[in-house]
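**Student:**
In UniProt numbering, the protein residues as written are 1 to 175.
#1: Is the beta carbon of residue 148 closer than 9 Å to that of residue 166?
#2: Report the partner residues of residue 152 according to the DSSP bridge assignment.
#3: Output the distance between the C-alpha atoms of residue 99 and residue 93, rounded to the nearest integer angstrom.
#4: Determine the direct distance from the alpha carbon of residue 77 to that of residue 56, and round the result to whole angstroms.
#5: Note down the Cα distance separating residue 53 from residue 120, rounded to an integer number of angstroms.
#6: Where does residue 8 sit, in a helix, a strand or coil, going by DSSP?
#7: Three-state secondary structure (DSSP) at residue 167?
#8: Taking the alpha-carbon positions, what's the residue 5 to residue 137 distance?
#9: Secondary structure at residue 24, three-state DSSP: helix, strand or coil?
#10: I'd like the span of the alpha helix (DSSP H) that includes residue 175, first residue to last.
#11: For the region 123 to 141 against the region 35 to 46, do three or more pairs of beta-carbon atoms, one drawn from each stretch, fall closer than 8 Å, so that the two count as touching?
#12: Which of helix, strand or coil does DSSP assign to residue 109?
#13: Helix, strand or coil for residue 69? Go by DSSP, reduced to three states.
#14: Name the one or two DSSP bridge partners that residue 146 has.
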């Protein structure tokens with residue numbers, strides 16, 4: 001599908017001399033057409049929050065750990081990567097000790113990063129309405145709809161819903 005917006009970023013660090021965040025933000029044409037200026041500002045600030053928050057480090061760690069587990073599982077069971085991904089998804093969903101505990105770590109970390117980026121954007125805009133209205137638009141008013149998911153083979157897991165993000169935004173104290 002058409003990703004409405006995303007960012008890529010990192011940091012250039014030279015000891016104590018330089019610590020410079022770098023990155024790029026992408027916003028789809030469709031999103032640009034459907035949002036007003038304040039809403040677009042929230043989207044860009046949200047993605048900038050990911051870059052400045054160094055969220056790519058956590059995402060890379062999660063990707064590498066999951067990739068290792070999937071490849072190891074595929075190798076040991078002599079199955080395809082897709083089959084191993086589906087087993088991981090099945091385990092996360094249906095085995096309580098994995099699904100509720102260790103298997104949900106990915107979703108918890110990614111949800112926290114989304115909330116941090118929302119907080120960054122809202123505090124810089126000093127107003128909550130653009131953030132709330134963007135999220136409502138993205139999920140067509142369905143507050144229980146996920147704004148982000150993880151996919152493990154044929155299994156999809158909700159990272160965070162629009163309602164959860166909106167509640168966190170409403171609870172922010174603007175200064």
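For glycine and all other residues, C-beta sits at the position ideal for the given N, C-alpha and C.
**Tutor:** Quick answer:
#1: no
#2: 155
#3: Unreliable placement is indicated for residue 99, whose pLDDT of 48 sits below 50; the coordinate value is still reported in the next sentence. Approximately 5 Å, taken between the alpha carbons.
#4: 31 Å
#5: 9 Å
#6: strand
#7: helix
#8: 13 Å
#9: strand
#10: From DSSP, residue 175 is part of no alpha helix (DSSP H); its letter is neither H nor E.
#11: yes
#12: helix
#13: helix
#14: 161
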